[in-house]
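J.:
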Ligand SMILES: Cc1cc2nc3c(=O)[nH]c(=O)nc-3n(C[C@H](O)[C@H](O)[C@H](O)COP(=O)(O)OP(=O)(O)OC[C@H]3O[C@@H](n4cnc5c(N)ncnc54)[C@H](O)[C@@H]3O)c2cc1C
């Protein structure tokens with residue numbers, strides 16, 4: 001085909017993947033729930049090559065699908081069965097740390113850099129890039145920006161949006177926007193970078209970014225707590241916020257069912273408590289300065305919480321190895337859930353104070369649809385973001401009659417509860433393809449109309465990641481996309 005030959009002339013033969021076996025890893029999503037063919041995948045080595053690839057696609061009217069580490073949990077990064085086969089643009093050859101400025105507290109990176117490599121590059125100059133998530137060993141900064149990724153550091157440092165100062169983007173007409181500003185203040189018209197953050201590949205290809213760095217904490221205190229229920233977890237969160245303020249850097253909630261799956265599915269993971277059937281909290285304080293002061297602050301809050309009877313038990317990590325082991329349990333939840341069965345993951349956020357009500361009401365709503373279901377719950381409690389997961393073993397799922405319809409009803413029920421509490425159906429994973437129907441149902445028409453106008457202004461031909469984020473037309477019938485294995 002002429003387009004593929006043109007890519008080969010531009011990039012070289014080895015940078016154009018067309019064989020099914022070479023495309024397998026990029027045409028199926030991380031959970032193995034969506035698979036569809038692509039025309040080819042291309043591996044440009046620099047921004048100019050990305051721009052040239054885009055111009056060739058636009059001339060041929062072929063859809064463009066930017067893909068990062070392919071860790072999307074909402075089917076955003078792989079082709080769909082509908083429409084023309086896309087060209088997948090991979091940035092795996094664009095992994096340069098372009099520059100670091102510890103005085104300005106910034107780092108400039110290629111968008112293909114893996115998140116963990118940016119954390120390491122920042123640490124090498126005694127700085128912190130604070131966005132952290134379970135997929136950090138494989139997700140790319142371009143994907144993080146395109147999804148406005150959250151993770152475990154949001155409580156203190158904000159999400160990806162709060163840590164991006166500038167962007168370089170290849171626009172859908174094949175031109176390059178150099179918005180690599182490394183400025184804290186810049187009131188010169190509309191701040192366009194914010195349109196690309198969270199745009200999920202629908203407005204252009206992010207090729208470079210200026211990221212904010214922070215002082216590297218020299219002291220960390222991590223503890224694992226057992227609490228009675230989500231409300232008492234909130235009470236403990238209040239104690240920590242009052243005593244430690246911005247030194248509180250993570251407050252993660254998990255139920256016993258979630259811990260059980262991690263211990264069963266991921267070798268080498270250990271829970272500090274023998275008693276699993278309780279609610280678990282992983283809490284982290286971090287700061288510059290003396291480690292002793294931080295450990296004392298942690299100890300003080302835990303003593304007060306024990307006296308007040310709002311925690312059942314607590315283990316304070318006494319070494320770096322213990323601290324890492326606790327975090328490994330938290331970071332293993334997605335892997336464990338993927339191995340154990342089919343989870344109908346929700347990514348709702350509600351006001352922090354409404355989290356206990358959300359969990360109670362979501363359980364009741366789902367049980368009204370199907371009584372025989374387990375609930376796996378893991379949440380960034382300090383952000384009000386709860387991954388509430390009705391969970392089925394593979395055998396249970398395969399035996400479930402009319403499972404796609406059941407899955408749709410369950411997902412809708414959870415999102416209705418979030419909506420009734422003024423919450424959202426997508427806190428950090430994005431919309432992708434799985435939540436398109438929810439956009440129609442929950443977003444005000446005026447908001448959708450503005451989003452469509454923005455999309456049209458950037459991508460009038462609709463070639464960039466079509467079928468993602470925006471429902472096709474104002475009259476689209478509410479519908480949640482389904483797949484054989486839930487979502
Ligand atoms: C184990 C695990 C744990 C996770 N934990 C979290 C978590 O705690 N918090 C959280 O927010 N997410 C989490 N996720 C979801 C996922 O890791 C994030 O959404 C991540 O930001 C996606 O990055 P990626 O590079 O893999 O992007 P991909 O999955 O490849 O792509 C995601 C979207 O971004 C677009 N895109 C990718 N690169 C670019 C680019 N350069 N330019 C324009 N568009 C682009 C794609 O088209 C797609 O729409 C987790 C996923 C896994 C597998």
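Residue numbers (my numbering): 1 to 487.
Beta carbons: idealized from backbone N, C-alpha and C, even for Gly.
Just so it is clear, the structure is predicted and the values come from calculations on it, not from any experiment.
#1: Hey, would you say the C-beta of residue 111 is under 7 Å away from at least one heavy atom of ligand 1?
#2: Under 8 Å, do residue 97 and residue 109 count as touching if we go by C-beta distance?
#3: For residue 455, count neighbouring C-beta atoms within 10 Å of its own C-beta (all shown protein chains included) and say buried if the count is 16 or more, exposed if not.
#4: With 16 as the cutoff for other CB atoms within 10 Å, does residue 99 come out buried or exposed?
#5: Only counting runs of 4 or more residues, tell me where the alpha helix (DSSP H) segments fall wholly within the stretch 5-50, in order along the chain.
#6: With a cut-off of 8 Å, do at least 3 Cβ pairs link the stretch 44-56 to the stretch 398-412?
#7: Per DSSP, residue 179 forms a beta bridge with which residues?
#8: Which first and last residues belong to the alpha helix (DSSP H) in which residue 464 is found?
#9: Out of curiosity, what's the CA-to-CA distance linking residue 353 and residue 93?
#10: Which runs of the beta strand (DSSP E), 3 residues or longer, sit entirely within the stretch 315-361?
#11: For the putative contact between residue 226 and residue 280, defined by C-beta atoms under 8 Å, what is the C-beta separation to the nearest angstrom?
#12: Does the structure place the stretch 153-166 close enough to the stretch 178-192 that three or more beta carbon pairs sit under 8 Å?
#13: Quick check: what's the CA-CA separation for residue 246 versus residue 156?
#14: Considering Cα atoms alone, identify which of 179, 200 and 224 is closest to residue 211.
#15: Is residue 429 helix, strand or coil when you go by DSSP?
#16: Looking at ligand 1, does it come within less than 7 Å of residue 218, judged from the CB to the closest heavy atom?
#17: Give me the Cα-Cα distance between residue 224 and residue 274, rounded to the nearest whole angstrom.
#18: Given that a residue counts as buried once 16 or more other Cβ atoms are within 10 Å of its Cβ, and exposed if not, what is residue 487?
#19: Taking 8 Å as the threshold (C-beta atoms), are residue 389 and residue 346 in contact?
#20: Around the C-beta of residue 485, are 16 or more other C-beta atoms found within 10 angstroms, so that it is buried, or is it exposed?
#21: Would the stretch 299-316 count as touching the stretch 194-212 if we require 3 or more Cβ pairs under 8 Å?
#22: What runs of the beta strand (DSSP E), each 3 residues or longer, lie entirely inside the stretch 264-288?
#23: Going straight from the alpha carbon of residue 73 to that of residue 429, what length do you get?
#24: On the criterion of 16 or more Cβ atoms from any shown chain inside 10 Å, does residue 422 qualify as buried, or is it exposed?
#25: So residue 97 is in the beta strand (DSSP E); what residue range does that whole segment cover?
#26: On the three-state DSSP scale, how would you describe residue 127?
#27: Would you mind stating whether residue 369 and residue 409 have Cβ atoms separated by less than 8 Å?
#28: Let me check understanding here. Comparing Cα to Cα, which of 435, 433, 88 and 330 lies closest to residue 266?
#29: Find out if the Cβ-Cβ distance for the pair residue 89, residue 65 is shorter than 8 Å.
#30: For ligand 1, any of its heavy atoms closer than 7 Å to the Cβ of residue 71?
#31: With DSSP run on the structure shown, which of helix, strand or coil describes residue 212?
#32: What is the DSSP secondary structure of residue 252, reduced to helix, strand or coil?
T.: The short version:
#1: To locate residue 111, count along the chain shown from 1; it is residue 111. Within the cutoff, so yes.
#2: Translated into the one-based positions of the chain shown, residue 97 becomes position 97. Translated into the one-based positions of the chain shown, residue 109 becomes position 109. It is a contact, given that the beta carbons lie within the stated cut-off.
#3: Counting from 1 along the chain shown, the entry for residue 455 is found at position 455. Residue 455 counts as buried, since at least 16 other C-beta atoms from the protein chains shown sit within 10 angstroms of its C-beta.
#4: By 1-based counting over the chain shown, the position of residue 99 is 99. Exposed: under 16 other Cβ atoms inside 10 Å.
#5: List check, alpha helix (DSSP H) in window: 20-27.
#6: The stretch 44-56, when compared against the stretch 398-412, does not touch it at the 8 Å Cβ threshold.
#7: Mapped onto the chain shown, residue 179 falls at position 179. Listed as beta-bridge partners of residue 179 by DSSP are 167.
#8: What you label residue 464 is simply residue 464 of the chain shown in a count that begins at 1. Boundaries for residue 464: no alpha helix (DSSP H) harbours it, and the DSSP string shows neither H nor E there.
#9: Taking the first residue of the chain shown as position 1, residue 353 is located at position 353. Taking the first residue of the chain shown as position 1, residue 93 is located at position 93. If you take the alpha carbons of residue 353 and residue 93, they lie about 44 Å apart.
#10: As far as the stretch 315-361 is concerned, its whole beta strand (DSSP E) runs of at least 3 residues are 341-343.
#11: Translated into the one-based positions of the chain shown, residue 226 becomes position 226. Translated into the one-based positions of the chain shown, residue 280 becomes position 280. With a Cβ gap of about 6 Å, residue 226 and residue 280 count as contacting.
#12: Taking a cut-off of 8 Å for Cβ pairs, the stretch 178-192 and the stretch 153-166 touch, as three or more such pairs fall below it.
#13: Locating residue 246 in the chain shown gives position 246, counting from the first residue. Locating residue 156 in the chain shown gives position 156, counting from the first residue. If you take the alpha carbons of residue 246 and residue 156, they lie about 6 Å apart.
#14: Translated into positions along the chain shown, residue 211 becomes position 211. Comparing Cα positions, the closest option is 179.
#15: For the purposes of this step, residue 429 is taken as the residue at position 429 of the chain shown. Three-state DSSP puts residue 429 in coil, outside helix and strand.
#16: The residue labelled residue 218 in the question sits at position 218 within the chain shown. Outside the cutoff, so no.
#17: Translated into the one-based positions of the chain shown, residue 224 becomes position 224. Translated into the one-based positions of the chain shown, residue 274 becomes position 274. Near 12 Å, if we compare the C-alpha coordinates of residue 274 and residue 224.
#18: Numbered from its first residue, the chain shown carries residue 487 at position 487. A caution first: residue 487 carries a pLDDT of 42, below 50, which makes its placement in the model too unreliable to give a value.
#19: Position 346 of the chain shown, counting from 1, holds the residue named residue 346. Position 389 of the chain shown, counting from 1, holds the residue named residue 389. For residue 346 and residue 389, yes; Cβs fall inside 8 Å.
#20: To locate residue 485, count along the chain shown from 1; it is residue 485. Low per-residue confidence applies at residue 485: pLDDT is 48, beneath 50, and the placement is therefore not dependable, though the value from the model is reported in the following sentence. Here residue 485 is buried. Its C-beta has 16 or more other C-beta atoms within 10 Å.
#21: Cβ pair count under 8 Å is below three, so no.
#22: As far as the stretch 264-288 is concerned, its whole beta strand (DSSP E) runs of at least 3 residues are 279-287.
#23: The residue labelled residue 73 in the question sits at position 73 within the chain shown. The residue labelled residue 429 in the question sits at position 429 within the chain shown. When the Cα atoms are used, residue 73 and residue 429 turn out to be separated by approximately 6 Å.
#24: Indexing the chain shown from 1 puts residue 422 at position 422. When all chains shown are included, residue 422 counts as exposed.
#25: Locating residue 97 in the chain shown gives position 97, where the first residue counts as 1. Taken as a continuous stretch (DSSP letters only), the beta strand (DSSP E) holding residue 97 covers 97-101.
#26: Reading the chain shown from its first residue, position 127 is the one you call residue 127. In this structure, residue 127 counts as strand in the three-state DSSP scheme.
#27: As a first step, residue 369 must be located in the chain shown, where it is residue number 369. As a first step, residue 409 must be located in the chain shown, where it is residue number 409. Yes; because the gap between Cβ atoms is below 8 Å, this pair is in contact.
#28: Within the chain shown, the letter at position 266 stands for residue 266. Ranked by Cα distance from residue 266, the options 435, 433, 88 and 330 are led by 330.
#29: Translated into positions along the chain shown, residue 89 becomes position 89. Translated into positions along the chain shown, residue 65 becomes position 65. Yes.
#30: Here residue 71 corresponds to residue number 71 of the chain shown, with the count starting at 1. Under cutoff, so the answer is yes.
#31: Residue mapping note: residue 212 aligns to position 212 of the chain shown, counting from 1. It is a strand residue.
#32: What you label residue 252 is simply residue 252 of the chain shown in a count that begins at 1. Strand at residue 252.
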